[in-house]
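Trainee: The C-terminal position of the sequence shown is numbered 417 in UniProt numbering, with every residue numbered one higher than the one before it.
Beta carbons are placed, not taken as given, at the ideal position from N, Cα and C, and that holds for glycine.
All values reported here derive from a predicted model rather than from experimental measurement.
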Amino acid sequence: MAPPSGRGRGAPRGARRPRAGGVTKRRSTPMTDKDGDILMDSEPANAPTGPSGNRGRGRGRGHGRGAARDVQTFTRLAQNINYHLDSQDSKKPQFDKTTMKILGLKGSKAAGNPDGGLRSLLDFLERKASRDKRITLGRGIIAGDYVWVKVNKDDAPHLLRLNGYTFAGAELAIQETSDPMPTADSTNSRTATAETKQKLLSVLASRYNAEQKLLDLSALGADQTLGSMGTFGSQALAEKSFKALVHLAGSEYKDPEVKREAIQAVSLARNEIQDVDQVFTLAKSLPHLRRLDLSGNKLENLSKLSKWRDEFRFLEELHLSGNPVTSQPNYATELFKWFPCLQNLDGQLKFAADRVAQDDSLKAQMILELSRQTGMNAQYSELCLTGVANWNFEMALKSFEEQKANLPRDAFITPIA
C-alpha cells in the first residue's frame with residue numbers, strides 16, 4: 001500500500017492532488033486526524049489509509065515528489081496504528097488470549113508486600129518481556145502457589161522466554177496452561193487471611209513464656225498447627241511463615257518500650273537453619289534481643305552468620321551448640337567482637353578469669369561493661385574488679401549489689417540521690 005502523498009513542489013498551482021492526512025493545511029471541510037485516529041476508529045483494518053470521500057480519489061500520483069515528508073507522515077501513521085492496536089489489547093475477545101501459570105512469587109522477598117508481591121511481579125514480567133514489543137499483562141490472580149494471568153497468544157512466547165529468571169531472590173517457573181483461570185473471590189480471600197492470622201497468633205500465644213520473656217520458635221517444622229496449615233511444605237513456604245510469625249509477634253505491641261520489655265529472648269533451635277539470611281527478619285522486628293538460641297541448626301561457618309554482624313547490638317547471650325561453626329577455633333573470639341554486649345557464648349564467658357588475666361584489652365572491656373551495668377565510674381569499677389572479685393565479673397556484680405548502699409555519691413557516673 002502506497003503512503004499518502006501531497007502536491008509536489010513542481011506541480012502547477014491549478015492541478016489538484018489527493019490531500020495527505022498529515023501534509024495539507026486544514027480546510028473548513030472536516031478532515032480526518034492527521035495521524036489517522038478517526039480512520040482507525042471508523043474503517044476496517046484493510047481499508048486505505050488515505051482520506052476518504054471526494055477528497056481522496058485515486059491512490060495519488062507523483063510518488064517521487066515530497067518523498068521526505070511522505071515518509072515522515074507514513075512513519076508517524078504507522079506508529080499511531082501500532083499504539084492504537086496495542087491500546088485495544090484489553091478489548092480483544094478471549095479466544096485471542098491464553099492462560100499462563102507462574103510459580104515462585106511466594107518464595108520471593110516481594111511476598112511480604114501488602115498485595116503479596118503481585119503488582120511487583122507483573123511489572124517485572126512486563127518490563128523484561130517487552131524487549132522486542134510492548135507486552136501488557138492482565139491484573140493477575142494469586143491462587144495457591146501460582147500466579148495466573150491472561151496474555152495475548154502472540155505475547156505468550158515473550159513471556160515464556162522468562163522461564164527460569166530470578167525475581168526478588170526466587171526463581172520463576174512459567175508455563176502455558178489450558179486449565180481454566182481461577183476466579184478472584186475477595187470475600188473468601190479476606191476470610192481465609194483472617195483465619196490464617198488467628199491460627200498464627202494462637203501458635204505465638206502457646207509459645208510465649210511471660211516469666212522468662214521468651215518467644216520459643218524452636219522446631220517449627222514439628223508444630224502440629226503449622227503442619228496442618230501446610231506452612232512448612234517447602235523451604236520457601238517455611239521462610240515466609242517465619243516472617244509472618246515474627247511480624248505478628250512484633251506488631252502485637254504498639255509501644256516499642258513495651259515490646260522491648262516483653263520479648264527479651266527468642267529460641268530458633270532445631271529449625272535446620274543453614275544461613276541466618278533465612279531468618280534475617282528477626283533482626284529487624286526484634287533488634288533489642290538480649291538472649292538468642294540458635295542451637296541444633298546447620299550453620300557451617302561464620303559467613304553463614306555474617307549478615308547479623310551489625311545487628312543485635314544489645315545481645316548478651318548466644319547459643320550455637322550443635323552447629324558445625326562451633327568446630328572452628330576462632331568462632332568465639334570473632335563473635336565476641338561482632339556483638340559488643342555479648343557476655344555468654346555457649347557457656348563461655350567473655351570475661352572468664354583465665355582469659356582476662358592474659359589480655360589487658362579484656363580488662364579494659366570488663367571495666368567498661370561493669371560501669372555500663374552498675375552506673376559506677378571507671379575508677380570504682382576497676383577497684384571492684386581488682387579487689388575481692390580478682391577479675392571475676394560475676395563476683396564483681398555480686399559485690400556491687402552487696403555494697404551499693406555504702407558507696408559514696410561520686411562513685412557513680414550520674415550521682416544518685
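Cβ atoms of L248 and K197: under 9 Å apart, would you say?
Mentor: As a first step, residue 197 must be located in the sequence shown, where it is residue number 197. As a first step, residue 248 must be located in the sequence shown, where it is residue number 248. Yes. Within cutoff.
Trainee: When you compare each of R270, D346, L137 to L122 by their alpha carbons, which one comes out closest?
Mentor: The count along the sequence shown starts at 1 and reaches residue 122 at position 122. Answer by Cα proximity: L137.
Trainee: Quick one: which unbroken alpha helix (DSSP H) runs of 4-plus residues sit fully inside the segment 113 to 162? Chain order, please.
Mentor: The qualifying runs are 118 to 129, 156 to 160.
Trainee: Indicate whether the contact test is met: 3 or more Cβ pairs, each with one atom in the segment 319 to 331 and one in the segment 251 to 262, closer than 8 Å.
Mentor: Flag = no, the segment 319 to 331 and the segment 251 to 262 do not touch.
Trainee: Check whether the segment 339 to 350 touches the segment 299 to 315, taking contact to mean three or more Cβ pairs, one atom from each stretch, closer than 8 Å.
Mentor: Enough Cβ pairs lie closer than 8 Å, so yes.
Trainee: Please classify P3 as buried or exposed, where buried requires at least 16 neighbouring CB atoms within 10 angstroms.
Mentor: One-based indexing of the sequence shown puts residue 3 at position 3. Interpretation of P3 is limited by its pLDDT of 42, a score under 50 that renders its predicted location unreliable; the figure taken from the coordinates is listed afterwards. The residue in question, P3, is buried, as its Cβ has 16 or more Cβ neighbours within 10 Å.
Trainee: Checking the sheet assignment: what are the DSSP bridge partners for M100?
Mentor: For this step, residue 100 is matched to residue 100 along the sequence shown. M100 pairs with V149, E176.
Trainee: Could you name the residues that DSSP lists as bridge partners for E369?
Mentor: Mapped onto the sequence shown, residue 369 falls at position 369. E369 pairs with nothing; no bridge assigned.
Trainee: Tell me which residue opens and which closes the alpha helix (DSSP H) that L248 is part of.
Mentor: On the sequence shown, residue 248 is found 248 positions in, with the first residue counted as 1. It spans 235 to 251 - the alpha helix (DSSP H) in which L248 sits, taken as one unbroken run.
Trainee: I need the DSSP call for Q348, collapsed to helix, strand or coil.
Mentor: For the purposes of this step, residue 348 is identified with residue 348 of the sequence shown, where counting begins at 1. In the structure shown, Q348 sits in a strand (DSSP, three-state: E or B).
Trainee: Where does A411 sit, in a helix, a strand or coil, going by DSSP?
Mentor: Indexing the sequence shown from 1 puts residue 411 at position 411. The answer is helix: DSSP assigns A411 an H, G or I state.
Trainee: Once you ignore the five residues that flank A272 on each side, which residues in its own chain have a CB closer than 8 Å to its CB?
Mentor: Counted from its first residue, the sequence shown places residue 272 at position 272. The question names Ala, yet the displayed sequence has Glu at residue 272. Cβ within range, chain order: G221, N297, K298.
Trainee: Give the secondary structure of K404 by DSSP, where H, G and I count as helix, E and B as strand, and everything else as coil.
Mentor: Numbered from its first residue, the sequence shown carries residue 404 at position 404. Three-state result, K404: helix.
Trainee: Is there at least one Cβ from chain D nearer than 9 Å to D275's Cβ?
Mentor: Included in the structure is just one protein chain, with no chain D present.
Trainee: How many Å lie between Q278 and A111 at the Cα?
Mentor: As a position in the sequence shown, residue 278 is number 278, starting the count at 1. As a position in the sequence shown, residue 111 is number 111, starting the count at 1. Between Q278 and A111, the C-alpha separation is close to 14 Å.
Trainee: If I follow the unbroken alpha helix (DSSP H) through L335, where does it start and stop?
Mentor: The count along the sequence shown starts at 1 and reaches residue 335 at position 335. First-last of the alpha helix (DSSP H) with L335: 331 to 338.
Trainee: Is it the case that the Cβ atoms of V149 and R134 are separated by a distance below 9 Å?
Mentor: Counted from its first residue, the sequence shown places residue 149 at position 149. Counted from its first residue, the sequence shown places residue 134 at position 134. Contact flag unset, no.
Trainee: Taking the DSSP output, what are the residues bridged to A265?
Mentor: As a position in the sequence shown, residue 265 is number 265, starting the count at 1. L214, R291, per the DSSP bridge assignment.
Trainee: State the DSSP-derived secondary structure class of R313, mapped to helix, strand or coil.
Mentor: As a position in the sequence shown, residue 313 is number 313, starting the count at 1. Three-state DSSP puts R313 in coil, outside helix and strand.
Trainee: Can you pull the DSSP bridge partners for E171?
Mentor: Within the sequence shown, residue 171 is the residue found at index 171, counting from 1. Looking at the DSSP assignment, E171 forms a beta bridge with T166.
Trainee: Could you spell out where the alpha helix (DSSP H) holding S381 opens and where it closes?
Mentor: Here residue 381 refers to the residue found at position 381 when the sequence shown is read from its first residue. Start and end: 378 to 386.
Trainee: Identify, in the order they occur along the chain, each residue of the same chain with its Cβ nearer than 8 Å to the Cβ of I413, setting aside the five sequence neighbours on each side.
Mentor: Counting from one through the sequence shown, the residue named residue 413 turns up at place 413. Cβ neighbours of I413 beyond the five flanking positions: S371, G375, M376, N377.
Trainee: On the three-state DSSP scale, how would you describe L105?
Mentor: By 1-based counting over the sequence shown, the position of residue 105 is 105. Helix, per DSSP.
Trainee: Of all the options F124, P182, K243, which has the alpha carbon lying nearest to the alpha carbon of residue 498?
Mentor: Residue 498 is absent from the structure shown; the chain starts at 1 and stops at 417.
Trainee: If distances are taken between C-alpha atoms only, which option among N301, L160, N406, L292 comes closest to S267?
Mentor: Numbered from its first residue, the sequence shown carries residue 267 at position 267. Minimum Cα distance to S267 is reached at L292.
Trainee: Where does the unbroken alpha helix (DSSP H) through Q224 begin, and where does it stop?
Mentor: Indexing the sequence shown from 1 puts residue 224 at position 224. Here the alpha helix (DSSP H) through Q224 covers 224 to 229.
Trainee: Please determine, among T183, L318, S327, the residue with the shortest C-alpha to C-alpha distance to E300.
Mentor: Translated into positions along the sequence shown, residue 300 becomes position 300. Nearest option by C-alpha distance: S327.
Trainee: Just to check my reading of the structure: L160 and L200 have Cβ atoms closer than 8 Å, yes? What is that Cβ distance to the nearest angstrom?
Mentor: Stepping through the sequence shown from its first residue, residue 160 is reached at position 160. Stepping through the sequence shown from its first residue, residue 200 is reached at position 200. Not a contact, Cβ separation roughly 36 Å.
Trainee: Based on Cα-Cα distance, which residue from D410, R409, Y380, P324 lies nearest to L397?
Mentor: For this step, residue 397 is matched to residue 397 along the sequence shown. Ranking the options by Cα distance to L397, first place goes to Y380.
Trainee: Less than 9 Å between the C-beta atoms of S295 and A269, yes or no?
Mentor: Counted from its first residue, the sequence shown places residue 295 at position 295. Counted from its first residue, the sequence shown places residue 269 at position 269. Against a cut-off of 9 Å, the Cβ pair of A269 and S295 comes out as a contact.
Trainee: So, at 7 Å on beta carbons, what are the nonlocal neighbours of I174 in its own chain, with the 5 sequence-adjacent residues on each side left out?
Mentor: As a working note, residue 174 is residue 174 in the sequence shown. Result list for I174: M100, I102, L159, L160, L162, N163, in chain order.
Trainee: Taking DSSP as the reference, what is the three-state secondary structure of L318?
Mentor: Taking the first residue of the sequence shown as 1, we reach residue 318 at position 318. The answer is strand: DSSP assigns L318 an E or B state.
Trainee: Once the 5 residues before and after R207 are set aside, which same chain residues still bring their CB inside 8 Å of it?
Mentor: Mapped onto the sequence shown, residue 207 falls at position 207. If we look at R207 and ignore the five residues flanking it on each side, its Cβ neighbours are L215, D216, L217.
Trainee: Can you say whether G227 is buried or exposed, counting buried as having 16 or more other CB atoms within 10 angstroms of its CB?
Mentor: Within the sequence shown, numbered from 1, the residue matching residue 227 stands at position 227. Exposed, by the Cβ-count rule.
Trainee: Considering just the uninterrupted stretch of the alpha helix (DSSP H) at S285, what are its terminal residues?
Mentor: Sequence index remark: in the sequence shown, residue 285 carries index 285 (1-based). That run of the alpha helix (DSSP H) goes 281 to 285.
Trainee: Under 9 Å between the Cβ atoms of L237 and K106?
Mentor: Position 237 of the sequence shown holds residue 237. Position 106 of the sequence shown holds residue 106. Yes, Cβ-Cβ distance for L237 and K106 is below 9 Å.
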